[in-house]
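Single-structure report; data block below.
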Amino acid sequence: MATIFNKIIDREIPADIVYETDTVIAFKDVNPVASTHILIIPKKNIPTLNDINIKDTQVLAELLLVTTKIAKQMNVDKEGYRIVINCNKNAGQTVYHLHLHLIGGRKLNWPPG
Ligand code: DGP
């Protein structure tokens, strides 16, 4: 099912895009929880982490590689950052299109809330 993120991919609504390839796209989160808060998503519709399969191996690897590139680009790689994937309601997933949150720029608490 199409979500708001498909509209960002298709340029139907604006987003602050920081990185893009044929298969993934990354943009600033509209509700940032830290000075660096980027969402990295596959262009392919994958609703949740539960929906990945072996055919997605390449795109999943690319999501992680792109995340590390953006962390460098945003200058949070040395101080540190966190990647979060919320899966379904107990984790607070609100957009049902797989996405990685890249969060950095401040000290992050552990365990998360
Ligand atoms: P999650 O709770 O993991 O499903 O996080 C979804 C995130 O998506 C949330 O941090 C806010 C962000 N978000 C929702 N709608 C939009 C939008 O239209 N544009 C942007 N840039 N981010 C959005």
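In this note's numbering, the protein residues as written are -5 to 107. Glycine included, each C-beta is placed from N, C-alpha and C at the ideal position.
Assuming residue i contacts residue j (C-beta within less than 8 angstroms), just tell me the rounded distance between them.
i: Met21; j: Ile11; result: The displayed chain sequence assigns Phe, not Met, to residue 21. Correct: roughly 5 angstroms between the Cβ atoms.
i: Lys37; j: Val18; result: 6 angstroms
i: Asp23; j: His95; result: 7 angstroms
Can you tell me which of the three DSSP states residue i falls into?
i: Glu14; result: strand
i: Val53; result: helix
i: Thr61; result: helix
i: Leu102; result: coil
i: Ile19; result: strand
i: Ile35; result: strand
i: Leu92; result: coil
i: Ile97; result: strand
i: Ile77; result: strand
With a CB to CB cut of under 8 angstroms and the five nearest residues on each side skipped, what residues in its chain are close to residue i?
i: Asp45; result: Leu92
Can you name, in chain order, every residue of its own chain whose Cβ lies under 7 angstroms from the Cβ of residue i, other than the five neighbours on each side?
i: Gln87; result: Thr42, Asn80 and Cys81
Going by CA-CA distance only, name the one from the options that's closest to residue i.
i: Ala65; options: His31, Val24 and Ile40; result: His31
i: Ile77; options: Asn84, Lys83, Gly99 and Tyr90; result: Gly99
i: Val53; options: Tyr75, Ile34 and Met68; result: Ile34
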